[in-house]
Amino acid sequence: MKVTVVGAGNVGATCANVLAHRDFLQEVVLLDIKEGTAEGKALDTWQQAPIDYYSTKVTGVTNDYARTANSDVVVITSGLPRKPGMSRDDLISTNANIVKSVTENIIKHSPDAIIIVVSNPLDVMTYCAFLTAKKDSNKVFGMAGILDTARYRAFLADEIGCSPKDIQAILMGGHGDTMVPLPRYTTVSGIPVTELVAADKLEAIIQRTKVGGGEIVNLLGTSAWYAPGAAAAQMVEAIVKNEKRIFPVCAWLTGEYGLKDIYLGVPVVLGKNGIEKILELDLNNEEKELLSTSAKHVKEVMDVLDKMQSATA
Ligand SMILES: NC(=O)c1ccc[n+]([C@@H]2O[C@H](COP(=O)([O-])OP(=O)(O)OC[C@H]3O[C@@H](n4cnc5c(N)ncnc54)[C@H](O)[C@@H]3O)[C@@H](O)[C@H]2O)c1
Ligand SMILES: O=C(O)C[C@H](O)C(=O)O
């Protein structure tokens, strides 16, 4: 299986580096528009191989899509990250142009590839790639839910004083401040989280999770990359190894949860065909309400993209 990562910035280079460490691929192609960036980071990752014991080779290229030909999976991380004071939605016009042109190039050389979008605003950039690629929606989806759920799980592990490995959770909705962590579907080694964390502490963790991206942006002046890069790599691994893992993924809905024609985070089964199934949870009224608010927000930003695209058509 061949995997390409577009964008050799913080997230893309981390994703390629994590994929190399997992050592289940022969080669990963890392592509960037900036001369030498992908080549340099690929070479650095290869020089790490004798130390960390892996054989996967990351090859860096500058805008040479011929080298990405016949990729099975492509991860799109190209695009601007936000700075303090910005929302992810502020990135829409710049990143839509980048995601559109990258997707066109990818499709030209790898018409059958499964595309995982990471660029922000995530739900709308995934929609942009879907409109451009003109592929089945099970093959075009976005990474955000694994990251958001990981933040939630990490905060819970701190609060409980346990390993983050033992927190199982699911989170739904758009990748923005309206995302919907689901305490009713959160357990700690099978124990309902509500038996271990007081209601006010749980609510504080949910609120912190929702603005988890912004917390890092304020600390670093740019956005996170270690957890996002690893999350995208985890999706690639599930697909390449046909693992049938259940993850929250930004998926195209066609009536699930009463929502249609929208990209939104929902639990799915990921395997060799991409999204093999969307799981429909039996949400209560409060959860449905939160999901519908999140969907409304995403739809508004999707409408902005539609208007931008019809203005330039
Ligand atoms: N979905 C998520 O959960 C999530 C998490 C973190 C970051 N992000 C988003 O991912 C994107 C990348 O973040 P980052 O921190 O890696 O940014 P970065 O600035 O470090 O890297 C972006 C890279 O994209 C490259 N690039 C720009 N235009 C390109 C093009 N047309 N073709 C190929 N490469 C191009 C740049 O040269 C740069 O190297 C941002 O939009 C960010 O908001 C999303
Ligand atoms: O917060 C951002 O802008 C980047 C990313 O979406 C994140 O959640 O870390």
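Using the working numbering, read the sequence shown as starting at 1 and increasing by one per residue.
Ideal Cβ positions, reconstructed from N, Cα and C, are used throughout, including at glycine.
Quick check: what's the CA-CA separation for residue i versus residue j?
i	j	result
residue 233	residue 254	27 Å
residue 44	residue 269	34 Å
residue 347	residue 264	Past the edges of the chain, shown from 1 to 313, lies residue 347, and the structure says nothing about it.
residue 259	residue 119	23 Å
residue 256	residue 130	18 Å
residue 162	residue 271	30 Å
residue 304	residue 313	14 Å
residue 282	residue 220	39 Å
residue 111	residue 169	35 Å
residue 167	residue 157	7 Å
residue 127	residue 309	12 Å
residue 60	residue 18	15 Å
residue 124	residue 193	32 Å
residue 191	residue 222	36 Å
residue 179	residue 266	11 Å
residue 292	residue 243	30 Å
residue 285	residue 248	20 Å
residue 62	residue 107	17 Å
residue 213	residue 165	21 Å
residue 273	residue 114	8 Å
residue 245	residue 277	11 Å
residue 319	residue 66	Given that the chain is displayed from residue 1 to residue 313, the structure contains no residue 319 and the question cannot be resolved.
If you measure from the CB of residue i, is any heavy atom of ligand 4 nearer than 7 Å?
i	result
residue 199	Summarising the ligand content, the structure contains ligand 1 and ligand 2 and does not contain ligand 4.
Any heavy atom of ligand 2 closer than 7 Å to the CB of residue i?
i	result
residue 216	yes
residue 175	yes
residue 224	yes
residue 22	no
State yes or no: is the C-beta of residue i nearer than 7 Å to some heavy atom of ligand 1?
i	result
residue 32	yes
residue 98	yes
residue 67	no
residue 95	yes
residue 120	yes
residue 132	no
residue 372	The structure shown does not extend to residue 372, since the chain is modelled only from 1 through 313, so no value can be given for it.
residue 37	yes
When DSSP builds the beta bridges, which residues end up paired with residue i?
i	result
residue 168	187
residue 247	268
residue 32	62
residue 194	Bridge partners of residue 194: none, in fact.
residue 274	271
residue 262	253
residue 354	Not covered by the structure: residue 354. The range shown for the chain is 1 to 313.
In this structure, how does DSSP classify residue i when only helix, strand and coil are distinguished?
i	result
residue 46	helix
residue 62	strand
residue 54	coil
residue 141	strand
residue 181	strand
residue 222	coil
residue 173	strand
residue 253	strand
residue 27	strand
residue 118	coil
residue 90	helix
residue 75	strand
residue 280	coil
residue 10	helix
residue 162	coil
residue 292	helix
Q.
Measuring CB atoms only, is the stretch 292–302 touching the stretch 175–190, in the sense that at least three cross pairs come out at less than 8 Å?
A. With a cut-off of 8 Å, the stretch 175–190 and the stretch 292–302 count as touching, because enough Cβ pairs lie within range.
(Q) Three or more C-beta pairs under 8 Å: does that hold for the stretch 222–236 against the stretch 127–143? (A) yes
Q. Taking contact to mean at least 3 C-beta pairs separated by less than 8 Å, is the stretch 36–51 in contact with the stretch 176–193?
A. no
Q) Counting Cβ pairs closer than 8 Å, one from the stretch 77–94 and one from the stretch 1–20, do we hit at least three? A) yes
**Q.** Three CB pairs or more closer than 8 Å across the stretch 92–103 and the stretch 121–136
**A.** Contact holds: three or more Cβ-Cβ distances are below 8 Å.
Q | Three CB pairs or more closer than 8 Å across the stretch 1–9 and the stretch 22–30 | A | yes
**Q.** the stretch 48–58 contacting the stretch 81–90, beta-carbon criterion three pairs below 8 Å
**A.** The stretch 48–58 makes no contact with the stretch 81–90: fewer than 3 CB pairs, one atom from each, lie closer than 8 Å.
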